[in-house]
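Protein chains in written order, with my numbering: chain A, 148 to 292; chain B, 10 to 113.
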């Protein structure tokens, strides 16, 4: 009975999780086109922007792994090598947070974001399973206009 | 308050520096939110409750940093950096620091 519930969860997590992921990727592509003109770079820390105005902006997203991929990642870490499930997840998170940053910059009519920095933090969701697969991806920079 | 994570405030000149100011905030999650996040986590995707929680926490840390800068008579903070760490299960510390400056 317990095994049945386990596999039931696993299979539903696989299908629902895949759907959520595909929808997200499609959504990302559409939005990335919208913010194509908003340039960003990780340099500019020591430059002189005396003829411009600027402000600190930041954006973040907490993104979680589905149950199926969690188990899959567990098995792939036994074998070693690339953990594809997580590569995909961090990529999604990073694109999402960068888009949110660009969105914020556009709302204040900025032309460019300089000194963009990314940061990732792991978030444990419950006491028994610290590596529940959720992570916060955070990025910040200075918007110039 | 002028804030930036580069070494100057765009459009301004720095007149005086007051040293490092910092603010931090340790937050744990609300139980009701967490049950939902746990369910959501089964299927993956964004955990909005957590995104909000960490953003609130970050705002609070920044507010504390700004207060510190104001006490010293600064009107800007340059070279701001953020750092996040999970210090215990379910609680995260957000630290934000920078150098308080006076600009004109």
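For glycine and all other residues, C-beta sits at the position ideal for the given N, C-alpha and C.
Within chain B, the residues that residue i reaches when beta carbons sit closer than 8 Å
i                      : result
residue 196 of chain A : 15, 17, 19 and 20
residue 156 of chain A : 51
Chain B residues whose Cβ lies nearer than 7 Å to that of residue i
i                      : result
residue 251 of chain A : Neighbours of residue 251 of chain A on chain B: none; closest Cβ ~12 Å, over 7 Å.
residue 233 of chain A : The premise fails here: residue 233 of chain A is roughly 12 Å from chain B at the closest Cβ pair, so nothing lies under 7 Å.
residue 288 of chain A : 14
Span of the beta strand (DSSP E), counted from its first residue to its last, around residue i
i                      : result
residue 35 of chain B  : 23 to 37
residue 202 of chain A : 201 to 213
residue 281 of chain A : 281 to 291
residue 102 of chain B : 100 to 112
residue 262 of chain A : 259 to 270
Closer than 7 Å to chain A by CB, residue i
i                      : result
residue 104 of chain B : no
residue 50 of chain B  : yes
residue 27 of chain B  : no
residue 54 of chain B  : yes
residue 108 of chain B : no
residue 123 of chain B : Only positions 10 to 113 of chain B appear in this structure, which leaves residue 123 of chain B out of reach.
Residue-chain proximity (residue i, chain B), Cβ-Cβ < 7 Å
i                      : result
residue 174 of chain A : no
residue 161 of chain A : no
residue 214 of chain A : yes
residue 227 of chain A : no
residue 193 of chain A : yes
residue 200 of chain A : yes
residue 169 of chain A : no
residue 209 of chain A : yes
residue 291 of chain A : yes
residue 246 of chain A : no
residue 262 of chain A : yes
residue 274 of chain A : Its pLDDT being 46, under 50, residue 274 of chain A is placed unreliably in this model, and the value from its coordinates should be taken loosely. Residue 274 of chain A counts as touching chain B.
residue 203 of chain A : yes
Residue i, buried or exposed, once every other Cβ within 10 Å from all chains shown has been counted against 16
i                      : result
residue 85 of chain B  : buried
residue 13 of chain B  : buried
residue 287 of chain A : buried
residue 71 of chain B  : buried
residue 25 of chain B  : exposed
residue 186 of chain A : exposed
residue 213 of chain A : buried
residue 201 of chain A : buried
residue 53 of chain B  : buried
residue 50 of chain B  : buried
residue 188 of chain A : exposed
residue 282 of chain A : buried
residue 91 of chain B  : buried
residue 155 of chain A : exposed
residue 249 of chain A : buried
Interface flag, residue i vs chain C, CB-CB below 7 Å
i                     : result
residue 60 of chain B : Chain labels in this structure do not include chain C; the protein chains are A and B.
First through last residue of the alpha helix (DSSP H) which encompasses residue i
i                      : result
residue 114 of chain B : As displayed, chain B neither begins before 10 nor continues past 113, which places residue 114 of chain B out of reach and without an answer.
residue 90 of chain B  : Here residue 90 of chain B belongs to no alpha helix (DSSP H); instead the beta strand (DSSP E) covers 85 to 97.
residue 254 of chain A : 231 to 254
residue 182 of chain A : Per DSSP, residue 182 of chain A belongs to no alpha helix (DSSP H) and is neither H nor E.
Contacts that residue i makes with chain A (C-beta to C-beta distance below 9 Å)
i                      : result
residue 101 of chain B : 268, 270 and 283
Per-residue contacts from residue i into chain B (C-beta, under 9 Å)
i                      : result
residue 164 of chain A : 51, 52, 53 and 54
residue 150 of chain A : Chain B residues near residue 150 of chain A: none, gap ~17 Å exceeds 9 Å.
Check your understanding: Quick one, which residues of the segment 78 to 98 of chain B are near chain A if we go by CB-CB under 9 Å, in chain order?
Key -> Within the segment 78 to 98 of chain B, 86, 88, 89, 90, 91, 92, 93, 94, 95, 97 and 98 place their CB atoms closer than 9 Å to a CB of chain A, listed in sequence order.
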